[in-house]
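*Asks:*
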Amino acid sequence: SAAMPWSALEQALSARLSADPLRGGRPALPIRLMAGLLYLKHAYALSDEAVCARWLENPYWQFFTGEVFFQTRLPCDPSSLTRWRQRLGEAGMEELLAQTINAAKAMKAVDVRELSRVIVDSTVQEKAIAHPTDSRLLEVARRKLVMRCKRHGLTLRQSYEREGPSLSRQAGRYAHAKQFKRMRRVLRRQRTLLGRVIRDIGRNLQTLEDTTQPQMREWLERAERLWRQRPKDKHKLYALHAPEVECIGKGKARRPYEFGVKVGIAVTAKKGLIVGAR
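Residues 1 to 278, numbered by full-length UniProt numbering, are exactly what the sequence shown covers, in order.
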């Protein structure tokens, strides 16, 4: 904890995390606390919820994030870590990585000469998504659109709340029995239902409030993209909540295809200190 340049980190990130006084709200949490939680999260491969729970019972972690006395309450809501990462952006996360390199040099854990020669490799950062079958994606798209219509008070001519889940289960049974002709017939019906819901929302989109239209339009575009795509198309949509997910094959015997994003990592040749990631 003493080797980390917390003051330099706070100074570098304060401009990105400055609060708008006109918007009001509660005061921002300390930068050291949030940055320390992110460091601990990635060091121990924990989720946002798990790192907050372990911080609560670990006095060493609390001291690392700047606490003087033992705390008995959660440091923050786990969703605050997500919003904090979004506000930091790519440049802010690179600053967090740069400060770890500075700390390693200050502790003499790595020689400065080692930084002149690095090894660059790529891997797949998997996303927490279900296996993207056509039947499941079509049903999820229909259900998400119907749910948002109910939330914003938009009345649909028909929501297919009974037929949609039934068709999804039916497609799964046909696929398991290798009755692919029947499965494709069910998929065509699912695609038809999703198209009806999309067109119904498109006709009534202007009746929504101006503040809710952009969000509804975004989900409508994703559902329409899913409705149009076919099995052999390129740049397919594999998850509605994570459109950046790609199907990547790295030639692995146990896992020929992985669903996520491609990540490039640069490490020092001798001690394996990560000096760059994108």
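Beta carbons are placed, not taken as given, at the ideal position from N, Cα and C, and that holds for glycine.
Rank GLU67, GLU49 and TYR238 by C-alpha distance to the C-alpha of THR133 and give the top, closest one.
*Replies:* Here residue 133 is taken as the residue at index 133 of the sequence shown, counted from 1. Nearest C-alpha to THR133: TYR238.
*Asks:* Taking C-beta to C-beta, are LEU9 and ALA35 nearer than 8 Å?
*Replies:* Residue 9 sits at position 9 when you count from the first residue of the sequence shown. Residue 35 sits at position 35 when you count from the first residue of the sequence shown. Result yes, Cβ atoms of LEU9 and ALA35 sit closer than 8 Å.
*Asks:* So, under 8 Å CB-CB, LEU220 and VAL140 are touching, yes? Tell me the CB distance rounded to an integer number of Å.
*Replies:* Working through the sequence shown from its first residue, we reach residue 220 at position 220. Working through the sequence shown from its first residue, we reach residue 140 at position 140. That pair is no contact at about 14 Å.
*Asks:* Return the residue from the list ARG169, GLN179, ALA50 and GLY272 that minimises the CA-CA distance to SER79.
*Replies:* The count along the sequence shown starts at 1 and reaches residue 79 at position 79. Per the Cα distances, ALA50.
*Asks:* Does DSSP put ASP134 in a helix, in a strand, or in coil?
*Replies:* On the sequence shown, residue 134 is found 134 positions in, with the first residue counted as 1. In the structure shown, ASP134 sits in a helix (DSSP, three-state: H, G or I).
*Asks:* Going by DSSP, which residues form a beta bridge with CYS247?
*Replies:* To locate residue 247, count along the sequence shown from 1; it is residue 247. BP columns for CYS247 point to PHE259.
*Asks:* May I ask you to report which of helix, strand or coil DSSP gives GLN99?
*Replies:* Sequence index remark: in the sequence shown, residue 99 carries index 99 (1-based). In this structure, GLN99 counts as helix in the three-state DSSP scheme.
*Asks:* Under 7 Å Cβ to Cβ from MET107, same chain only, skipping five residues before and after it: list those, please.
*Replies:* For the purposes of this step, residue 107 is taken as the residue at position 107 of the sequence shown. Closer than 7 Å at the Cβ level, and outside the excluded window around MET107, lie ALA3.
*Asks:* Could you say which of GLN190, GLN11, GLU94 and LYS236 lies nearest to ARG169 if we only look at CA atoms?
*Replies:* On the sequence shown, residue 169 is found 169 positions in, with the first residue counted as 1. The shortest Cα separation from ARG169 among GLN190, GLN11, GLU94 and LYS236 belongs to GLN190.
*Asks:* In chain order, what residues of the same chain have a beta carbon less than 8 Å from the beta carbon of SER122, not counting five sequence neighbours either side?
*Replies:* Taking the sequence shown and counting its residues from 1, the one referred to as residue 122 is at position 122. The residues are LYS262, VAL263, GLY264 and ILE265.
*Asks:* Note the first and the last residue of the continuous alpha helix (DSSP H) segment covering ILE129.
*Replies:* Here the question's residue 129 lines up with position 129 in the sequence shown. Neither: ILE129 is in no alpha helix (DSSP H) and is coded neither H nor E.
*Asks:* With DSSP as the reference, label SER159 as helix, strand or coil.
*Replies:* Numbered from its first residue, the sequence shown carries residue 159 at position 159. The answer is coil: DSSP assigns SER159 none of H, G, I, E or B.
*Asks:* Using the three-state DSSP reduction, which class does GLY272 fall into: helix, strand or coil?
*Replies:* If you number the sequence shown from 1, residue 272 lands on position 272. In the three-state reduction of the DSSP assignment, GLY272 falls in the coil class.
*Asks:* Which residues does DSSP pair with SER122 in a beta bridge?
*Replies:* Taking the sequence shown and counting its residues from 1, the one referred to as residue 122 is at position 122. DSSP lists GLY264 as partners of SER122.
*Asks:* Any chance the stretch 144-154 sits against the stretch 210-219, with 3 or more Cβ pairs inside 8 Å?
*Replies:* Cβ pair count under 8 Å is three or more, so yes.
*Asks:* Closest to GLN206 by C-alpha separation, out of THR155, ARG254 and PHE64, would be which residue?
*Replies:* Locating residue 206 in the sequence shown gives position 206, where the first residue counts as 1. Cα-wise, what sits closest to GLN206 is THR155.
*Asks:* Does DSSP classify ALA2 as helix, strand or coil?
*Replies:* As a working note, residue 2 is residue 2 in the sequence shown. Coil at ALA2, not helix or strand.
*Asks:* Taking its Cβ as the centre, do 16 or more other Cβ atoms sit within 10 Å of TYR257, making it buried, or is it exposed?
*Replies:* In the sequence shown, counting from the first residue as 1, residue 257 sits at position 257. Exposed is the call here.
*Asks:* Do the stretch 110-129 and the stretch 157-177 touch if we need at least three Cβ pairs shorter than 8 Å?
*Replies:* no
*Asks:* Are LEU226 and MET216 touching if we call contact CB-CB under 8 Å?
*Replies:* If you number the sequence shown from 1, residue 226 lands on position 226. If you number the sequence shown from 1, residue 216 lands on position 216. No; because the gap between Cβ atoms is not below 8 Å, this pair is not in contact.
*Asks:* In the DSSP assignment, what residue or residues form a beta bridge with ALA277?
*Replies:* As a working mapping, residue 277 is identified with position 277 in the sequence shown. Paired residue(s): ILE265.
*Asks:* What's the call for LEU97, buried or exposed, on a 16-neighbour Cβ count within 10 Å?
*Replies:* Here residue 97 corresponds to residue number 97 of the sequence shown, with the count starting at 1. Label assigned to LEU97: exposed.
*Asks:* Under the three-state reduction of DSSP, which class applies to ARG26: helix, strand or coil?
*Replies:* Start at 1 with the first residue of the sequence shown, and residue 26 comes out as number 26. Of the three classes helix, strand and coil, the one that applies to ARG26 here is coil, per DSSP.
*Asks:* Should VAL124 go down as buried or exposed, given a rule of 16 or more other Cβ atoms within 10 Å for buried?
*Replies:* Against the sequence shown, residue 124 aligns to sequence position 124. It is buried - the Cβ of VAL124 has at least 16 other Cβ atoms within 10 Å.
*Asks:* Could you check the C-alpha separation between LEU37 and SER47 for me, to the nearest Å?
*Replies:* For this step, residue 37 is matched to residue 37 along the sequence shown. For this step, residue 47 is matched to residue 47 along the sequence shown. About 11 Å.
*Asks:* At what residues does the alpha helix (DSSP H) containing GLY195 begin and finish?
*Replies:* Locating residue 195 in the sequence shown gives position 195, counting from the first residue. Taken as a continuous stretch (DSSP letters only), the alpha helix (DSSP H) holding GLY195 covers 180-204.
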